[in-house]
Amino acid sequence: MSGGAKGLRGHILISHTHWDHIQGIPFFAPLFVPGNEWDIYGPKGLGQSLREALAGQMQYTYFPVPLDQCGAKIRYHDLVEGTFDIDDIKVSTHYLNHPALTLGYRLEADGVAVVYACDHEPYSRSAATGDGEITGQDLRHAEFLSGADLLIHDAQYTAEEYPAKVGWGHSSVEYVVNLGRFAQVKKIALTHHDPLRDDDAIDRMVANIQAKLRENKSFLDVVAAVEGQVVEVVPSPAKDSAHRAREFQAEMPIEPALAERSVLLGIADTKLVAALSEAIRAEGVDTKFFSNMDEARTLIAKDRLSLAILEHDPPRTDGMEMCRAIREQENDREHQLPVIMVAAQENQAAGASAGVTDWLIKPFTDACARTKIRAWALRAACKWMRGVIPEDEELARPPVHVRRAPMAQKGIENRRFSENVISTDKSALLWMYCREIAPFETPAFSKKVGNLIARATKRPSEMRNRAAAN
616 MSGGAKGLRG HILISHTHWD HIQGIPFFAP LFVPGNEWDI YGPKGLGQSL
666 REALAGQMQY TYFPVPLDQC GAKIRYHDLV EGTFDIDDIK VSTHYLNHPA
716 LTLGYRLEAD GVAVVYACDH EPYSRSAATG DGEITGQDLR HAEFLSGADL
766 LIHDAQYTAE EYPAKVGWGH SSVEYVVNLG RFAQVKKIAL THHDPLRDDD
816 AIDRMVANIQ AKLRENKSFL DVVAAVEGQV VEVVPSPAKD SAHRAREFQA
866 EMPIEPALAE RSVLLGIADT KLVAALSEAI RAEGVDTKFF SNMDEARTLI
916 AKDRLSLAIL EHDPPRTDGM EMCRAIREQE NDREHQLPVI MVAAQENQAA
966 GASAGVTDWL IKPFTDACAR TKIRAWALRA ACKWMRGVIP EDEELARPPV
1016 HVRRAPMAQK GIENRRFSEN VISTDKSALL WMYCREIAPF ETPAFSKKVG
1066 NLIARATKRP SEMRNRAAAN
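FYI, the numbering for the sequence shown is 616 to 1085, going by the working numbering.
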């Protein structure tokens, strides 16, 4: 393949667009061979597309050949959290915790499940030790890994090294092993090795882990990923795939749900306000401020909010109380507004009781803040799209039935009707809305939407009556 073979057809799954994960693409010979076809998948942003991100590193300043001069036919797929198929492989995506929007991939076929989770950092800093209960967003991450036959997971640091690397976006070995045991994973391949750790050090680390697992009578198999390594996985007992029917289609355009969205900001610290406002602005989202809960309730009731960011710094400001007030809103029972709590340290028990969704622990970098904002804004948009289509309807492309319109009645001169009248149900209409209009992102967006919906819902008799009236 690396030699530039012809007639290749393949798929590339990209977790995120940091250089260490995409810098090989300009040197991947099969992309330059005419007749080859490739599909490249990666996380959707709030502005720049996957194709634009990949093209950026191949601009004139950095590379002699631009992306659009690749000889192969390349299709780009911007993904959100959800599911899609590659031939007979079922793929599920899940956001990871990293200073750039990052997707983990779960691949299922023939009774085997393989999960790739790089790059990822524990959500709870205390979880890095590998001890204690798995809660909050770490629990959500564990559910994504559940029952995997092979888990390929970021494990750059040890628990001892991790405190000096908080916010860098990588896991400790102890955290990954604890996750694997909790999620009942069969085999873990530790990867994203620290470049300061040589092969002998990695071997010693893995040997220590294996010894501890034997002491605890655990059947979990842990190895270190090696270049060129081949791992055979065998089918496990039938896995429950019923959750896929309820999943969102990862390739569904969500632009309609992102329009006019905003973030509710409840922060007392002026420096934090400035930093978070800039992070929100950089993501192309509006900010709504409030000084008391009455104002917050009004904003929640009338605005399309993607999430709320609150500060908990008692006694100056009680973010938990603000979060409880949001959860008491009547419309929150239906929408469950994501709430990110900014604090000096997390309190999972108090947060769970108040309804906190995620934590942003001080100090944090601009990259970490932007990524959390982006991930939760995208999740909120996906949830809104789910709400438009009933749960019992698939988000895969539904059938659109086309029938020929009746001939014009006598007496109506020089009037032509649409050759075809679309008869569609709610899901088909939404599909057309997203597929045919959202990708254009032109000033005529709203007009096209209105015309399409009108055309899809008008009866032929109504069209004739309007023509006669004119």
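Cβ atoms here follow ideal geometry from the backbone N, Cα and C, with glycine treated the same way.
Practice task
Go through its chain and collect everything with a Cβ distance to TYR691's Cβ below 6 Å, but skip five positions before and after it.
Solution key: ILE655, LEU665, ARG666
Problem - Alpha carbon of GLU775 to alpha carbon of GLY762, nearest angstrom - result: 28 Å
Problem - Within 8 Å, strictly: CB atoms of HIS756 and ASP769 - result: Against a cut-off of 8 Å, the Cβ pair of ASP769 and HIS756 comes out as no contact.
Exercise for the section: Look at ASP764 and VAL727 and say whether their C-beta atoms are less than 8 Å apart. Expected result: yes
Handout entry: Chain-order list of residues whose beta-carbon lies under 7 Å from that of THR744 (same chain, five-residue window excluded)
Key = ALA774, GLU789
Problem - Cβ shell of ALA958 (< 6 Å), same chain only, five flanking positions each side left out - result: Answer for ALA958: HIS927, listed in chain order.
Problem - Stretch-stretch touch, CB-based, cutoff 8 Å, three pairs: the segment 915-932 with the segment 973-991 - result: Segments in contact, yes.
Problem - Whole-number beta carbon distance between THR902 and LEU877, since they are thought to touch under 8 Å - result: It should be pointed out that residue 877 corresponds to Ser in this sequence rather than to Leu. Indeed, because the Cβ distance is near 7 Å, the residues count as touching under 8 Å.
Problem - Within 8 Å, strictly: CB atoms of TYR738 and GLY747 - result: no
Practice task
Report buried or exposed for VAL971, applying the criterion of at least 16 other Cβ atoms within 10 angstroms of its Cβ.
Solution key: buried
Exercise for the section: State whether the segment 829-847 contacts the segment 861-869, with contact taken as three or more CB pairs (one from each stretch) at a distance under 8 Å. Expected result: no
Handout entry: Own chain, CB closer than 8 Å to ARG896, minus 5 neighbours either side, in chain order
Key = The answer, listed in chain order, is THR902.
Practice task
Please state whether DSSP places ILE749 in a helix, a strand or coil.
Solution key: coil
Handout entry: Beta carbon of GLU723 nearer than 8 Å to that of ALA687
Key = no
Problem - Sequence-distant residues of the same chain with beta carbon closer than 7 Å to PRO778, five excluded per side - result: none
Problem - Burial state of ASP753 (16 or more Cβ within 10 Å) - result: buried
Exercise for the section: Measure the alpha-carbon distance for ASP836 versus MET1000 and round it to whole angstroms. Expected result: Straight-line measurement puts the Cα of MET1000 at about 40 Å from the Cα of ASP836.
Problem - ARG876 in three-state terms, based on DSSP - result: coil
Practice task
Let me know if ASP1112 comes out buried or exposed under the rule of 16 or more other beta-carbons within 10 Å of its beta-carbon.
Solution key: Any property of residue 1112 remains undetermined from this structure, which presents the chain solely from 616 to 1085.
Handout entry: Rounded distance between the beta-carbons of LEU646 and ILE701, thought under 8 Å
Key = That pair is no contact at about 18 Å.
Handout entry: LEU891 - containing alpha helix (DSSP H), residue span
Key = 885-897
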